[in-house]
Ligand code: KG4
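As C-alpha cells, then:
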C-alpha cells in the first residue's frame with residue numbers, strides 16, 4: 003500500500019510517500035525559515051501564501067522521487083489539526099483535491115517509524131513551536147490527551163527568549179548553540195507547575211518573563227567585555243542567520259543554559275509523572291524541541307535512572323515533516339476514513355477540562 007502524506011500545519015510545506023511496511027519512498031520539505039527570519043517568528047499570512055505557492059511542486063516532487071503517479075497511490079493523508087488556520091487550509095484543500103486525515107499524533111508515530119519497533123502503549127510527549135502536550139497512547143489510533151501547556155508552548159518560549167538575547171530565529175537551535183559551555187546553575191529561573199503532583203500541564207510564559215526581567219527589566223543584567231551590552235534591547239533588529247552566528251558572551255551562554263535547563267526540568271518532570279500515573283513503561287517524544295541534544299541527554303538520564311524505555315526520532319524527523327504522516331496507515335488499517343466534509347482544527351489541542 004502506498005500513501006501520500008501532506009503536512010502544512012505551520013511553516014514547512016511537506017509531502018512524503020510511505021508504504022504500509024513503513025518504508026519511506028520520498029520525503030520533501032520546503033522550509034519557510036528564510037521568509038520569517040527577519041520577523042523573529044512565523045507570520046501566519048506569509049506562511050499560508052507560501053504554502054499556496056509550494057504545495058503542488060512539493061507534492062509533485064514527492065511523487066517523482068517515489069517514482070509514482072497519482073493513480074498508483076492508495077490513499078492521501080493530511081494533517082488537519084492542530085496548527086495555523088491558513089496553513090492547515092492549504093494542505094487540506096490540496097489533499098481533498100487529490101482525500102483522509104491525521105494530526106499532531108504523527109509526531110509520536112515518528113518514534114515508531116524511526117525505531118522500527120512497536121512502541122505502544124506509551125506516554126507521548128509532543129514539544130514543538132505551537133504545542134507542549136502529553137498523551138496516553140494506548141495504541142496508534144487511541145490517543146488521550148493528559149495535559150499540555152496553559153500558555154506558551156516550549157518551542158515558542160525558546161523562540162521568544164532567543165529574540166530577547168539577540169540570537170537568530172529559529173530560537174531553539176540558537177539557544178542550544180549559545181548554551182554550550184554556559185553555566186546552567188548560574189540563574190535559577192522558575193519551574194512553573196513542576197511541584198504540583200496532580201497536574202500534567204506546563205506553563206512557560208512566566209519563565210519567559212523571568213528571563214525578560216533579568217535581561218531588560220529594572221536593574222537589568224549588565225554585561226559584556228568592552229562595556230557594550232551583550233543583550234540587544236528589545237525592538238532592535240536581531241542578528242540574522244545570513245550574517246553568521248552572533249558572538250555569544252558568557253552572560254548570554256549562562257542565561258541560555260539556565261533557561262534551557264528550567265524548560266527541560268519541567269518537560270522531563272511531567273513526562274516522569276505521566277509514566278507514573280499511566281503505569282506505562284515507554285516514553286515517545288517528538289516535535290521540534292526534541293531535536294535538542296541537551297534535552298535528549300536529560301531524557302536518556304531519566305530513562306536510565308527510572309528504568310523505562312525512551313524513543314525519540316532523529317532530529318530531521320522531530321521538526322515538521324510528512325514522513326510521520328505514515329500514522330495514517332494505522333487509521334487506514336483500522337478503517338478510519340474521512341469524507342470530503344473534513345474541516346481543519348486550528349489552534350492548540352487541549353486535554354479534557356483544560
Ligand atoms: O515541530 P516543529 O517543526 O513545529 C512547529 O512549527 O511548531 O517545531 C519548531 C519549534 C520552534 O519553536 C523551534 O525553535 C523549536 O521547535 N526547536 C528547538 C530546536 N530545534 C527546533 N528547540 C530547542 N532546541 C532545538 N535544537
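In our numbering, the protein residues as written are 3 to 356. Just so you know, even glycine gets a beta-carbon here, dropped at the ideal spot from N, CA and C.
- Relative to the ligand KG4, residue 45 has its C-beta separated by 7 Å or more from all heavy atoms.
- Put simply, of 141, 264, 252, 217 the residue whose alpha carbon is nearest the alpha carbon of residue 190 is 264.
- Within the chosen limit of 7 Å, the ligand KG4 does not reach the beta carbon of residue 16 with any heavy atom.
- For residue 6, the secondary structure class from DSSP, reduced to helix, strand or coil, is strand.
- In the structure shown, residue 33 adopts extended strand secondary structure according to DSSP, grouped into three states.
- Judged by beta-carbon spacing, residue 288 lies within the 8 Å limit of residue 109, meaning their Cβ atoms are closer than that value.
- As the crow flies, the alpha-carbon of residue 45 is around 9 Å from that of residue 13.
- Straight across, the Cα-Cα distance linking residue 94 with residue 82 is about 6 Å.
- Straight across, the Cα-Cα distance linking residue 47 with residue 308 is about 45 Å.
- By the 16-neighbour rule on beta-carbons within 10 angstroms, residue 197 is exposed.
- Setting aside the 5 residues that flank it on each side, residue 342 is surrounded in the same chain by 98, each with a C-beta closer than 6 Å to its C-beta; the list follows chain order.
- At a cut-off of 4 residues, the continuous stretches assigned as alpha helix (DSSP H) that sit fully inside the stretch 151-205 are 156-166, 173-181.
- In this structure, the ligand KG4 has no non-hydrogen atom nearer than 7 Å to the beta-carbon of residue 151.
- If you check the C-beta of residue 130 against the ligand KG4, you find a heavy atom less than 7 Å away.
- About 11 Å separates the beta carbons of residue 6 and residue 16, which is beyond the 8 Å limit, so they are not a contact pair.
- Annotated three-state conformation of residue 280 is helix, per DSSP.
- Residue burial annotation: residue 323 is buried, with at least 16 other C-beta atoms found within 10 angstroms of its C-beta.
- Contact between residue 77 and residue 328 is absent: CB atoms are separated by about 11 Å, not below the 8 Å threshold.
- In the same chain as residue 184, and ignoring 5 residues on each side of it, the C-beta atoms closer than 6 Å to its own belong to 255, 256, 258, 259, in chain order.
- Residue 20 and residue 27 have their C-alpha atoms spaced approximately 6 Å apart.
- With contacts defined by Cβ atoms closer than 8 Å, residue 174 and residue 291 form a contacting pair.
- Within a 10 Å sphere around the beta-carbon of residue 69 sit fewer than 16 other beta-carbons, which makes this residue exposed.
- Using a Cβ-Cβ distance cut-off of 8 Å, the stretch 109-121 and the stretch 303-319 are in contact, since at least three pairs of beta carbons, one from each stretch, lie closer than that value.
- With distances taken between CA atoms, residue 3 lies nearest to 332 out of 332, 160, 298, 347.
- Residue 334 and residue 90 have their C-alpha atoms roughly 21 Å apart.
- Residues 15, 32 of the same chain have their beta carbon placed closer than 7 Å to that of residue 56, with the five preceding and five following residues left out of the count.
- DSSP assignment within the stretch 15-74 yields the following whole beta strand (DSSP E) runs of 3 residues or more, N-terminal first: 26-33.
- Boundaries of the beta strand (DSSP E) around residue 126: 124-129.
- Judged by DSSP in its simplified three-state form, residue 297 adopts helix.
- Taken from the Cβ of residue 264, every heavy atom of the ligand KG4 lies 7 Å or farther away.
- At least one heavy atom of the ligand KG4 lies closer than 7 Å to the C-beta of residue 13.
- Sequence-distant partners of residue 301 (beyond 5 residues in either direction) whose C-beta falls short of 8 Å from its own C-beta, in its chain, are 270, 273, 285, 287, 312, 314.
- Rounded to whole angstroms, residue 23 and residue 135 show a C-alpha spacing of 28 Å.
- DSSP, reduced to helix, strand and coil, places residue 291 within a helical segment of the structure shown.
- Burial state of residue 277 is buried, judged by a 10 Å Cβ sphere holding 16 or more other Cβ atoms.
- One alpha carbon belongs to residue 186, the other to residue 72, and they sit about 51 Å apart.
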